[in-house]
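Input: a single structure, listed below in structure tokens.
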Amino acid sequence: MEIIIAVILTFIITSVLAWLIFRSEIKKIKGRHSRMLNDLLLESRAALHFNRLIMQTIDLGVLYYDSNNQLILSNEASGNMLEEIPDDFHKFLNRYGKENNLSSNLVLGKDEADAIFSLKNLQVYLKVHVVQESEGPSHIVLLRDVSRQFREEQQRKEYVSNVSHELRTPLTTIQTYSESLIDWGINEKKPAQLHKDVSKIYEESLRMEKLIDDLNLLSSVDENSIHRQMRVEAVDLPRVMKDLTESMQMQAKDNQKTLTCMVVSHMPNIYVDRSQLERVVSNLISNAFKYGRENGTVQVYVGYITDEVYIKVRDDGMGIASDHHKHIFERFYRVDDSRARKLGGRGLGLAIVKELVELNQGTISLKSTLGEYSEFTVMLPGGQKVLRQTLVELVRDGQASNKITEAAAQDLEQLALSMGIVAKWKSLQPSEVNRIHIEIERLTAEASKR
Ligand code: ADP
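Every number in the numbering used here is 1 more than the matching position in the sequence shown, counting from 1.
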């Protein structure tokens, strides 16, 4: 009997123990499962959030039409690119895929098709992916705004056509004159006529050479390789402008113009590529000769206002109507095409001037009244402004960031040395930086009084 009780007891105890163990295991499994479930939920919520963020922020439009052709998903970018988003895929194709063959390509059973769609001033690239699903095909539409690339491509084509047109004009003259020499034979022509013809060929070849040089310069600006050719130095602007206008007096006389240069204020040296600056100003003066009034005056003013220096070139000529002002610095732009051509203009001069001014961290602007005057103003950073900017760069990065501040860095090094400061820029004490600042201001004030 005792044995039976003992067996039953053992059975009960082991059952209870087993139940307890089972319950705790079940709890553990449940806990593990709910943790897993929880993790899964969090993960999918994060993925959903992430997907939503991507869809909101990418500048690619995305639409999704399910196998019933119903719009299921569309993001903000697609709304910005399309006037309206149809809720049915067929309506979408009717609206945006008819003239560009998108629709017909899809009808042919292709599993992707693309096309360009034009909307007012927007060009949108559309790509449709067909996804084969068990219920039938669904469609993902991707949209990209390609207006900028489109515009650039148009400009590139226009540029190439302008270049070939400009090259063709002197080339045609060279061909005509050389043909006449061949046809008539050199012996048939009088020496004076012969001289005239050959001179014409020579002049036109010079024109072509000049055009090719200008185009090369512009392409080195576009490719950013012009920076390598820049020779920036500290320049005494009033002196350089006086010398330049002096050297153009002969040209002024030939053009029956009076050329003057007036230094309005003294100033510290500026940091520029001297030959580029000379090219800028001589180009503006030559234009003033070309388009200025007969027996008129061309005045150059050089001055200094707070942190900037200015060079103004003013003529009392034909002026430029205000609707041309915003285009005047564009490549190949001429106001009066036939007159400009007669004067040998190709519409590249001011485009080059603007690029060179900007390379030297300056700006150029135009003020003009038709029939009265034109005044081009070049503004460049004053020497002390560049020195201050350079000091900031050196203390922050240990080096100058461009050709202009590189040139100023050499002068700053000398300045620091003369003050007994070793130019280990990144480890300078704030008090040392401050002392250099004060010295820059002192030297500037001194130079402005000269
Ligand atoms: P171009 O080689 O034709 O002179 P520019 O780029 O130098 O080319 O000038 C563009 C156009 O701007 C010129 O064709 C001319 O019509 C106009 N222009 C430039 N400078 C002057 C000026 N000082 N007065 C009047 N018109 C000017």
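Virtual Cβ for every residue (Gly too), placed ideally from N, Cα, C. Note that the structure is predicted; figures quoted are calculated from it, not measured.
Whole-angstrom C-beta distance between residue j and residue i, which should lie under 8 Å
{"i": "Asn76", "j": "Gly62", "result": "6 Å"}
{"i": "Leu381", "j": "Glu309", "result": "7 Å"}
{"i": "Ile175", "j": "Ile202", "result": "5 Å"}
{"i": "Val281", "j": "Val358", "result": "6 Å"}
{"i": "Ser402", "j": "Glu414", "result": "Rounded, the Cβ-Cβ distance is 16 Å, inconsistent with contact."}
{"i": "Leu219", "j": "Arg332", "result": "7 Å"}
{"i": "Glu295", "j": "Gln257", "result": "6 Å"}
{"i": "Pro269", "j": "Leu392", "result": "With a Cβ gap of about 15 Å, Pro269 and Leu392 do not count as contacting."}
{"i": "Val233", "j": "Asp198", "result": "So it is not a contact: roughly 46 Å between Cβ atoms."}
Residue from the options with nearest C-alpha to residue i
{"i": "Val329", "options": "Thr307, Leu285 and Ile227", "result": "According to the sequence as given, residue 329 is Ile; it is not Val. Answer by Cα proximity: Leu285."}
{"i": "Met231", "options": "Asp214, Ser276, Ile321 and Ile439", "result": "Ser276"}
{"i": "Arg305", "options": "Asp198, Lys450 and Arg315", "result": "Reading the sequence as shown, one finds Tyr at residue 305 and not Arg. Per the Cα distances, Lys450."}
{"i": "His267", "options": "Leu238, Gln250 and Ser287", "result": "Leu238"}
{"i": "Ser148", "options": "Lys313, Met82 and Leu413", "result": "Met82"}
{"i": "Glu85", "options": "Thr364, Leu64 and Leu444", "result": "Leu64"}
{"i": "Glu440", "options": "Pro192, Ser428 and Arg389", "result": "Arg389"}
{"i": "Ala289", "options": "Ile73, Ala253 and Ala446", "result": "Ala253"}
{"i": "Arg397", "options": "Ser419, Lys425, Met420 and Leu371", "result": "Lys425"}
{"i": "Arg145", "options": "Ile59, Arg157 and Ala193", "result": "Ile59"}
{"i": "Ser139", "options": "Ala193, Ser105 and Tyr66", "result": "Tyr66"}
{"i": "Ala235", "options": "Glu407, Gly32 and Lys31", "result": "Glu407"}
Residue i vs residue j beta-carbon contact at 7 Å
{"i": "Asp115", "j": "Lys128", "result": "yes"}
{"i": "Ala409", "j": "Val387", "result": "yes"}
{"i": "Ile271", "j": "Gly384", "result": "yes"}
{"i": "Leu349", "j": "Asp215", "result": "yes"}
{"i": "Gly297", "j": "Gly318", "result": "yes"}
{"i": "Gln124", "j": "Phe151", "result": "yes"}
{"i": "Gln362", "j": "Ile405", "result": "yes"}
{"i": "Phe51", "j": "Asn70", "result": "no"}
{"i": "Leu351", "j": "Val299", "result": "no"}
{"i": "Ile227", "j": "Ser221", "result": "yes"}
{"i": "Val301", "j": "Thr370", "result": "no"}
{"i": "Lys291", "j": "Cys262", "result": "no"}
{"i": "His325", "j": "Val336", "result": "yes"}
{"i": "Glu134", "j": "Ser68", "result": "yes"}
{"i": "Ile437", "j": "Val379", "result": "no"}
{"i": "His130", "j": "Ile117", "result": "no"}
Practice problem: Pair every Cβ in the region 360-380 with every Cβ in the region 417-432, then say whether three or more of these pairs are closer than 8 Å. | Solution: Touching, no, given that fewer than three Cβ pairs across the two stretches are closer than 8 Å.
Exercise. Assess, as a yes-or-no matter, whether the region 154-171 is touched by the region 198-218 under the definition of 3 or more beta carbon pairs within less than 8 Å.
Key: Cβ pair count under 8 Å is three or more, so yes.
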